[in-house]
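One structure is given below, encoded as structure tokens.
Protein chains in written order, with this note's numbering: chain A, 17 to 81; chain B, 10 to 266.
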């Protein structure tokens, strides 16, 4: 299934969010997620099904002022 | 002493973590400043890269409290979603709320700011709103649950100092019990000292330290200026006057003409 991850197209075997994050290499990382513009808490990622064309944002700590 | 959502600061400086020449210089500048609060942000992370993880490990090693921001957000929805993501990643209810309204000045969209501050305060966040010196907006922010106000000194990254001293002084007088932080626009330690002399509770800065030729020395200079300004504010400064008043006693002066 093709979805957008941080603005780039990815073709994933995973069909739900928690699995997709593992497939994308985020398993050990401290990240926050938003799907189609809405925050998805880490505790609910396993219940979130993905659909083709979804837009996933994966954010991590970064320098800021 | 006015507290920041129950937290008392020994060093009245909140220091940004962006734009330093290297992570090592960032860490050294943070230590030299004595800042107990570091501002941080969230950005896209590549699964293969993981640079954000290294940054987060560095910040945690410094033992400072973090104040995540919503920098770059232009809408209420963006800012609120970013705040939720920050709360989860950084494990804090603190959020430096920025809703940017104009690109050239990066001045806040104060209407969106109040709206977002209400949503977040109602949801348990402890909001540090990046605002202007407008007293009416400040009042609205307090009405919706903010317990700290952070007016700008000048546009973000400009280094111009305190553009509206009168407005900041009025804000201090108008809200005597509210913790006030000058956030953004400072360029020199003297600007920070001036903010503290006006009775502000802290200053928040980033670029002035990070983009100095020697960030570590500049961090130390800001720390000393902030201490000086704070001590001066509590030492009951003299009232300025228009005409000269001799400081050396006139009585007993020799007649030599």
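Every residue, glycine too, gets a C-beta built ideally from N, C-alpha and C.
Source: prediction; values computed, not measured.
### Through-space distance from residue 57 of chain A to residue 97 of chain B, alpha-carbon basis
7 Å
### Message
Residues in the same chain with beta-carbon distance under 7 Å from residue 138 of chain B, minus the five sequence neighbours each way, listed in chain order, please.
### Response
106, 122, 126, 150, 155, 158, 159
### Task
Report all residues from its chain with a CB closer than 6 Å to the CB of residue 49 of chain A; omit the five preceding and five following residues, and keep chain order.
56, 74
### Query
Of the choices B:28, B:24, B:114, whose alpha-carbon is the least far from that of residue 77 of chain B?
B:24
### Message
Can you tell me where the beta strand (DSSP E) holding residue 239 of chain B begins and where it ends?
### Response
Segment 224-242 is the alpha helix (DSSP H) holding residue 239 of chain B; no beta strand (DSSP E) there.
### DSSP-derived helix/strand/coil call for residue 211 of chain B
strand
### Query
So residue 238 of chain B and residue 202 of chain B are in contact, right, with Cβ under 8 Å, and what is the actual spacing, rounded?
4 Å
### Query
residue 16 of chain B bridges to which residues according to DSSP?
B:13
### Task
Below 8 Å on the Cβ atoms is my guess for residue 47 of chain B versus residue 73 of chain B; work out the distance and round it to an integer in Å.
5 Å
#### Entry: In DSSP terms, what residue 50 of chain A is bridged to
A:55, A:73
### Message
Between the region 51-64 of chain B and the region 34-45 of chain A, can you find at least three pairs of beta-carbon atoms closer than 8 Å?
### Response
yes
### Task
Measure the C-alpha to C-alpha separation of residue 129 of chain B and residue 152 of chain B and round it to an integer number of angstroms.
13 Å
### Query
Looking at the unbroken alpha helix (DSSP H) that takes in residue 32 of chain B, where does it start and where does it end?
32-42
### Query
What does residue 46 of chain A reach in chain E if we use C-beta pairs closer than 7 Å?
Of the protein chains in this structure, namely A and B, none is chain E.
#### Entry: Closest by C-alpha distance to residue 10 of chain B, when choosing among B:65, B:208, B:115
B:208
#### Entry: Minimum Cβ-Cβ distance from residue 77 of chain A to chain B less than 8 Å
yes
### Task
Might you give, ordered along the chain, the residues of its own chain that have their beta carbon closer than 7 Å to the beta carbon of residue 44 of chain B, omitting 5 neighbours on each side?
20, 22, 23, 24, 73
### Task
Given a cut-off of 8 Å, decide if residue 147 of chain B and residue 28 of chain B are closer than it, judged by their beta-carbon atoms.
no
### Message
Can you give me the C-alpha to C-alpha distance between residue 241 of chain B and residue 179 of chain B, rounded to a whole angstrom?
### Response
19 Å
### Task
Please check if any C-beta of chain B sits within less than 8 Å of the C-beta of residue 73 of chain A.
yes
### Message
In the DSSP assignment, the beta strand (DSSP E) including residue 47 of chain B goes from what residue to what residue?
### Response
46-53
### Query
For residue 65 of chain A, which three-state DSSP category applies?
strand
### Query
Do residue 78 of chain A and residue 64 of chain B have their CB atoms nearer than 8 Å?
yes
### Where residue 203 of chain B sits in the DSSP three-state scheme
helix
### Task
Pull out every residue of the region 28-47 of chain A whose Cβ sits closer than 7 Å to any Cβ of chain B, in chain order.
40, 41, 42, 45, 46, 47
### Distance between residue 256 of chain B and residue 68 of chain B (C-alpha atoms, nearest Å)
50 Å
### Message
Helix, strand or coil, according to DSSP, for residue 192 of chain B in the structure here?
### Response
strand
### Query
Out of B:51, B:124, B:250, which has the shortest C-alpha to C-alpha gap to residue 85 of chain B?
B:124
### Query
Of all Cβ atoms in chain A, is any one closer than 8 Å to the Cβ of residue 159 of chain B?
no
#### Entry: Under 8 Å by beta carbon: chain B residues contacting residue 53 of chain A
86, 90
### Task
Would you kindly report the start and end of the unbroken beta strand (DSSP E) that includes residue 63 of chain B?
Run containing residue 63 of chain B: none in the beta strand (DSSP E); it sits in the alpha helix (DSSP H), 60-71.
### Message
So, for residue 62 of chain A: in the same chain, excluding its five sequence neighbours on each side, which residues have a beta-carbon less than 6 Å away from its beta-carbon?
### Response
34
#### Entry: chain A contact residues for residue 200 of chain B, given Cβ-Cβ distances below 7 Å
Here the premise fails: no neighbours, minimum Cβ distance about 16 Å.
### Query
Does residue 93 of chain B come within less than 8 Å of chain A when only Cβ atoms are used?
yes
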